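Enquirer: For the sequence shown, UniProt numbering gives the first residue as 1, with consecutive numbering after it.
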Amino acid sequence: MTVLLQSMEKSNGVLATNLNPNFEDGTMFANDNELILYGGLSRVTDGANPPPAEVILGYEAYEGSASIESWKPGFEQKSTNNSVTRYVTNGAGVSVPSENLGFYFSGMHGLMGDLVEGDNGSTYSTATSLITVNLAAMRNESWQNSSLPAHIPGRANAEIVWLPVSESGILVVIGGVINPEILSSNDNLTDEDIAASSQNSPIFMKELPVYDIAFLQTTTGDIPPQLTMLCSVMAPVSDGSTFNIYIYGGYDGINASSAPSDDVYILSISSFTWIKVYSGQSSHGRSGHKCIKVYPDKMFVLGGAYKNDSSNCLDGGFLQVFNLNTLQFQNTYDPNEWSNYSMPLIVTDRIGGNTTEGGNMLLPSSWGDGGLSSIFAETYTKPIATYYPYTSTTVTPASSTATSMIDDSYSPSQALEGFTGRPARMLIKESHIDVPTKAGGQDGSMRIYIFHPTIPGYPNARFPGVVVFSEIYQVTGPVARFARQIAGQGYICAAPSSYHEFTGPEALKYDAEDTDKGNLWKISKKIQAYDEDASLSVDYLLSLPTCNGRVGATGMCLGGHLAYRCALDQRVKAAVCYFATDIHSATLGEGKSDDSLKRAGDIKGELIMIFGKNDNHVPPEGRDLIRKTLHEKGVLFSFYEVAWAQHAFIRDELSKGRYDPAISKSCFEMLLELFNRTLKLDLGDHDGKKLEIEDVYRADRRFLRRFAIPILCPTELQSEARGSRGAVVAVVAGRGREYGHDNRPGRRSKAFQFKLISLPRSTFFRQYGFDAIREFPLCNLFVPSNQPPNLAYGGCALTGIHLSNGRYLGNLGSILVAFIAVVTCILLLLLSERKRAAVGRREIQLFLLGYAIISICEIFTVGAFPLADNVRKGFTAVHIAAITATSWVLFLNALVGFQLLDDGTPLSVGLFAGSAVVLFIGTGYIALDTGFSWTGHFDSSLSGNNRNIGLYVLYLLFPLVCLFFFYILETILVLRVLGERRPLIYLTAAALLFAIAQVFDFVISPHICNPVHGKINGAFFETLFSLLSVVCVWLFWSSITEDDWPAVSSGYT
């Protein structure tokens, strides 16, 4: 992964001034335009003079001021002011780009504030200062030196973290030590220094300086030991209520020869609770490293040393990747594989809330200062720029290369023509504007949120505009993130607040109360007011000098309908409507009466309509009506129905398990294709000529199945995101004049209809409504780790009992019932052995033996007993194979009663056991090859067959068929052959109990798991009722093999 890194020469022609010697343990201040190197120990040579105390080195990457003549990127000599010296080292530095500020806390300096140098036995004293630099004005930076309050001790090599809280954010200082060993003479502390550090330094993990470093706040929980030269990153939950600071590594600052830490702790704020989330190995530890958060769920660990000795190779290499969600180090890194941050369950178990919200989070038992409570209660409102996803990354190991933050194909109008330097970087500036409205029946005001792309150094760049309409909750976090994604591709996005007639511009909550409000306001607002909102948004975009004059629209849910209506404005060249509601029923607006479909012919731009096949807000007949009407009205459009997708499948927050990132990505690519083609390209006027469609082949459905599907389902799509849901493209035969681009009534072309179809990796049965299938043990095979159960699939994670180090005893109830089942099987085996004359004794014992194996496996699969992931996959494969084989054995038991073969003979038992072993080995191999991908043959694929369907069939459908015929055959045996009805009571009870078990697994499980926050789910009841069902099967067998059947009267006495 180090191939992603590049070196940068510092000399830039100024080596003679010794502006750029090598420094260590300084810091780098940066905003979005420049960076400044500050502080640190210099390693000067005899041939160079040390830099002056006020001279520092900076690098200007992007032009930050239009007043700088002949500006170009490069290194620049800079100076501090206000008597701030660069002669300080081993402090804690942090940059705050959204505030254009940098902070440097404490550290060490020379006794008289003189030059600090390494390797010369110099004597240092602790700096009691907070250095602040303001980077707002390039080449006119402002510096300030503030003394620390007396109750805030200075220290070396601490960590300082900035949190987006209150008006300007707050600072939190973590760790550090007094008397650092690395700055002592010959790296040896005196006994007095060691004693002082051991006594005073541990408090730096318990009492933390916060805010403007004027207050001390006490922490609780798993407080880390004395640490210095550690690293940290901060991860906020999506609602901004909680901030988790991750720290990693470091050592005690006393004895460098001792192994450094390899542990990860989380400091959750505002509860100020420490939680140890990862216990590493001493050989993997490091100190003196740096950490950066490249994605919401990824922490890069860069460099460092083992035992402070650079000659010791770092275990794992220079760069390590730690996943903030799974709390594990990753062996690989792919910039295309990332996810939003979810608060780990080990944290929510300790302090409350859930994975995406603070909820009922704990607060400190007492605040260090009464003012801190109100500070943390205030929301930070300034935009914070993000640069992920990294859509274009070029890496050439042999040379230094650049990484672009925008798509390679992007060219924002002629402003960039002739540009041959480094790739342009797209930044997003966020703002809002309030515009007057009248159509609502009274004078009012509507807020439009603006997401404007900028390219530093290109103030005249022009971009297309896109109106982004929100769902019924106004401009929420998911809508804003959606707008930022589009803006990051070079579009000015305007997101209007739809309900300004009824409430303020703030987003509604995703709860029942605000949902009711949104639905009520949706049908209370006048249609004319909706249209005015759209027109005003388009007006605003076209009024911007940075807009190229082309505008599109998009939106989701209600916003999808509004984007459709926005397209009625002939200035709108394209629209993408995600799961648009109420178009089919014409029930939008006051009186629940709109004319959207009737006016479809007014749409002159190109349209994309996207729905989920399982969208219960727009039923199939509604989607058919929309498609049919668009055909009839001659609209140029594409119509996509995504298999298994539900309503709101692109909403990444509180979507009730419907969010599907893989499908969302595919749909976003379709949006970009349309907008890039219609809004960025200047095609000129249409030439008016008819597009003639020529058949390449006289294709039929068989041809399509053999050739078209493999062509349209490339391998990279088929295997996308192993273990997650991925979207692929399939082709469906059909005819429609819109695909031939001949919009004249009655004209029909022979083109074939193409549709986007999504096939989730492990959700074959979701098309039948069984979403709870992802809780089955089968799902352990499709992801690297499914612990706690269901966590990898975004559902209710079964946490059960929390143990340690992120481990859980998931389902204690199922484990106990499974153990009881094993004991029960042993007892039934012994009871069966006593019935020596009973028909089918050996055969029913084979069934009981199979069920005992299933029950043992359930302890580790359904019961989620802590195991290594690969071992769990092995148990899962045995579990599935045992279910298949045991179901087959039970079916064969039904044949025994008809005496087609003599029971208990070597032939009968051999056929039973042999066929069961064949099924067991075959199913087990398929399961293992699927889980471990030994050959890749059984990986999820759409190139003709989805081979995982076979695994589902063996696991679910085949056993069901066996059980069905077992019941039918045994019923015939009892009624027709034996002429009895009493045994049917046991047989029917077994069937009903089995059915109840499946209802708990397929239907009820999520409804049990969610209210108890993952402490139990339907698997416990499935295991219990399955055990009772097996007992009833044995009782049924016993009842039809009794020795005391009532004798038929013969008339003799």
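Cβ atoms here follow ideal geometry from the backbone N, Cα and C, with glycine treated the same way. All values derive from a computational prediction rather than experimental measurement.
Assuming contact is defined by CB atoms lying nearer than 7 Å, are H965 and F891 in contact in what I supplied?
Expert: Along the sequence shown, read from residue 1 onward, the residue named residue 965 stands at position 965. Along the sequence shown, read from residue 1 onward, the residue named residue 891 stands at position 891. It should be pointed out that residue 965 corresponds to Phe in this sequence rather than to His. Contact: yes.
Enquirer: So, with DSSP's three-state summary, where would you put T876?
Expert: One-based indexing of the sequence shown puts residue 876 at position 876. T876 falls in the helix class under three-state DSSP.
Enquirer: How is the beta strand (DSSP E) around R447 delimited, first residue to last?
Expert: Residue mapping note: residue 447 aligns to position 447 of the sequence shown, counting from 1. G444 to T454 is the extent of the beta strand (DSSP E) around R447.
Enquirer: Expressed to the nearest angstrom, what Euclidean distance is found between the alpha-carbon atoms of Y925 and F463?
Expert: Along the sequence shown, read from residue 1 onward, the residue named residue 925 stands at position 925. Along the sequence shown, read from residue 1 onward, the residue named residue 463 stands at position 463. Rounded to the nearest angstrom, the two C-alpha atoms are 55 Å apart.
Enquirer: Is DSSP giving E207 helix, strand or coil here?
Expert: Here residue 207 refers to the residue found at position 207 when the sequence shown is read from its first residue. E207 falls in the strand class under three-state DSSP.
Enquirer: To the nearest angstrom, how far is the alpha carbon of Y278 from that of I346?
Expert: The count along the sequence shown starts at 1 and reaches residue 278 at position 278. The count along the sequence shown starts at 1 and reaches residue 346 at position 346. Their Cα atoms are separated by approximately 10 Å.
Enquirer: Is it buried or exposed for V974, if we count other Cβ within 10 angstroms and need 16 for buried?
Expert: Position 974 of the sequence shown, counted from the first residue, corresponds to residue 974. Buried.
Enquirer: Do you know how far the Cα of L867 is from the Cα of P209?
Expert: Here residue 209 refers to the residue found at position 209 when the sequence shown is read from its first residue. Here residue 867 refers to the residue found at position 867 when the sequence shown is read from its first residue. Answer to the nearest angstrom: the Cα atoms are 41 Å apart.
Enquirer: Shortest alpha-carbon distance to I1040 belongs to which of V479, N179 and L978?
Expert: Residue mapping note: residue 1040 aligns to position 1040 of the sequence shown, counting from 1. Of the candidates V479, N179 and L978, the one whose C-alpha sits nearest the C-alpha of I1040 is L978.
Enquirer: How about the segment 851-865 and the segment 820-835: do they share at least three Cβ pairs that are nearer than 8 Å?
Expert: Touching, per the Cβ criterion.
Enquirer: Just the Cα atoms here: how many angstroms apart are V839 and C962?
Expert: Reading the sequence shown from its first residue, position 839 is the one you call residue 839. Reading the sequence shown from its first residue, position 962 is the one you call residue 962. Those two C-alpha atoms are separated by around 20 Å.
Enquirer: Quick check on the burial criterion: 16 or more other C-beta atoms within 10 angstroms. Buried or exposed for N255?
Expert: As a first step, residue 255 is located in the sequence shown; it is residue number 255 there, counting from the start. Under this definition N255 is an exposed residue.
Enquirer: Under 7 Å between the Cβ atoms of K573 and R550?
Expert: Counting from 1 along the sequence shown, the entry for residue 573 is found at position 573. Counting from 1 along the sequence shown, the entry for residue 550 is found at position 550. In this structure, R550 lies closer than 7 Å to K573 by Cβ.
Enquirer: Considering Cα atoms alone, identify which of Q320, S129 and S445 is closest to Y333.
Expert: On the sequence shown, residue 333 is found 333 positions in, with the first residue counted as 1. When only C-alpha atoms are compared, the closest one is Q320.
Enquirer: What does D434 pair with, by DSSP beta-bridge criteria?
Expert: In the sequence shown, the residue the question calls residue 434 occupies position 434. D434 pairs with R447.
Enquirer: Identify, in the order they occur along the chain, each residue of the same chain with its Cβ nearer than 6 Å to the Cβ of K293, setting aside the five sequence neighbours on each side.
Expert: For the purposes of this step, residue 293 is taken as residue 293 along the sequence shown, with counting starting at 1. Result list for K293: V233 and M299, in chain order.
Enquirer: Is D929 helix, strand or coil when you go by DSSP?
Expert: Here residue 929 is taken as the residue at index 929 of the sequence shown, counted from 1. If DSSP states are grouped into helix, strand and coil, D929 belongs with the helices.
Enquirer: Between L520 and Q474, is the Cβ-Cβ spacing less than 7 Å?
Expert: Here residue 520 corresponds to residue number 520 of the sequence shown, with the count starting at 1. Here residue 474 corresponds to residue number 474 of the sequence shown, with the count starting at 1. Taking 7 Å as the Cβ cut-off, L520 and Q474 do not qualify as a contacting pair.
Enquirer: For the alpha helix (DSSP H) holding M670, just list the boundary residues, first then last.
Expert: For the purposes of this step, residue 670 is taken as the residue at position 670 of the sequence shown. Its alpha helix (DSSP H) spans residues P661 to F675.
Enquirer: Ignoring anything shorter than 3 residues or poking outside the segment 214-288, list the beta strand (DSSP E) runs there in chain order.
Expert: Taking only runs of at least 3 residues, the beta strand (DSSP E) segments lying wholly in the segment 214-288 are 215-218, 231-236, 243-248, 264-269 and 273-278.
Enquirer: Grab me the residues of L267's own chain with a C-beta within less than 6 Å of its C-beta, minus the 5 sequence neighbours each way, in chain order.
Expert: Position 267 of the sequence shown holds residue 267. Counting only Cβ-Cβ distances below 6 Å, and skipping sequence neighbours, we find I245 and W274.
Enquirer: Rounded to a whole number of angstroms, what is the C-alpha to C-alpha distance between D46 and S83?
Expert: As a position in the sequence shown, residue 46 is number 46, starting the count at 1. As a position in the sequence shown, residue 83 is number 83, starting the count at 1. The predicted position of D46 is uncertain, since its pLDDT is 40 and thus under 50; a value taken from the coordinates is nonetheless stated next. Their backbone Cα atoms lie some 28 Å apart in a straight line.
Enquirer: Going by the CB atoms, is the gap between R571 and V538 shorter than 7 Å?
Expert: Here residue 538 refers to the residue found at position 538 when the sequence shown is read from its first residue. Here residue 571 refers to the residue found at position 571 when the sequence shown is read from its first residue. For V538 and R571, yes; Cβs fall inside 7 Å.
Enquirer: From G74 to E60, what distance separates their C-alpha atoms?
Expert: The residue labelled residue 74 in the question sits at position 74 within the sequence shown. The residue labelled residue 60 in the question sits at position 60 within the sequence shown. Answer to the nearest angstrom: the Cα atoms are 6 Å apart.
Enquirer: Among the candidates E63, G465 and L907, whose CA atom is the shortest distance from the CA of I455?
Expert: Along the sequence shown, one-based indexing puts residue 455 at 455. When each option's Cα is compared against that of I455, the closest is E63.
Enquirer: Assuming contact is defined by CB atoms lying nearer than 7 Å, are Y387 and Y295 in contact in what I supplied?
Expert: The residue given as residue 387 occupies position 387 in the sequence shown. The residue given as residue 295 occupies position 295 in the sequence shown. Not closer than 7 Å, so no.
Enquirer: From the DSSP secondary-structure annotation, give me the bridge partner or partners of A156.
Expert: For the purposes of this step, residue 156 is identified with residue 156 of the sequence shown, where counting begins at 1. Beta-bridge pairing links A156 to V177.
Enquirer: Starting from Y640 and walking both ways along the beta strand (DSSP E), at which residues does that stretch end?
Expert: What you label residue 640 is simply residue 640 of the sequence shown in a count that begins at 1. Looking at the DSSP string, the run of the beta strand (DSSP E) that includes Y640 is F637 to V642.
Enquirer: From this set, G589, H631 and A586, which residue's C-alpha is nearest G601's C-alpha?
Expert: Indexing the sequence shown from 1 puts residue 601 at position 601. Of the listed residues, the one whose Cα sits closest to G601 is H631.
Enquirer: Tell me where the beta strand (DSSP E) around I56 begins and ends.
Expert: Position 56 of the sequence shown holds residue 56. It spans V55 to E60 - the beta strand (DSSP E) in which I56 sits, taken as one unbroken run.
Enquirer: Have a look at the DSSP bridge pairing and note the partners of V917.
Expert: For the purposes of this step, residue 917 is taken as the residue at position 917 of the sequence shown. DSSP lists no partner for V917.
Enquirer: For Y768, does the three-state DSSP call read helix, strand or coil?
Expert: Taking the first residue of the sequence shown as position 1, residue 768 is located at position 768. Its pLDDT being 34, under 50, Y768 is placed unreliably in this model, and the value from its coordinates should be taken loosely. Three-state DSSP puts Y768 in a helix.
Enquirer: Looking at the structure shown, is D407 part of a helix, part of a strand, or coil, going by DSSP?
Expert: Start at 1 with the first residue of the sequence shown, and residue 407 comes out as number 407. Annotation note: pLDDT 34 at D407 (below 50); position unreliable, no value reported.
Enquirer: Judging by CA-CA distance, which residue of I131, Y306, G813 and N616 is the nearest neighbour of R286?
Expert: Here residue 286 refers to the residue found at position 286 when the sequence shown is read from its first residue. For the residues I131, Y306, G813 and N616, the minimum Cα distance to R286 belongs to Y306.
Enquirer: At what residues does the beta strand (DSSP E) containing S147 begin and finish?
Expert: Position 147 of the sequence shown, counting from 1, holds the residue named residue 147. From DSSP, the beta strand (DSSP E) with S147 extends over S142 to S147.
Enquirer: Does the Cβ-Cβ distance between Y265 and P236 come in under 7 Å?
Expert: The residue given as residue 265 occupies position 265 in the sequence shown. The residue given as residue 236 occupies position 236 in the sequence shown. It is not a contact, given that the beta carbons lie outside the stated cut-off.
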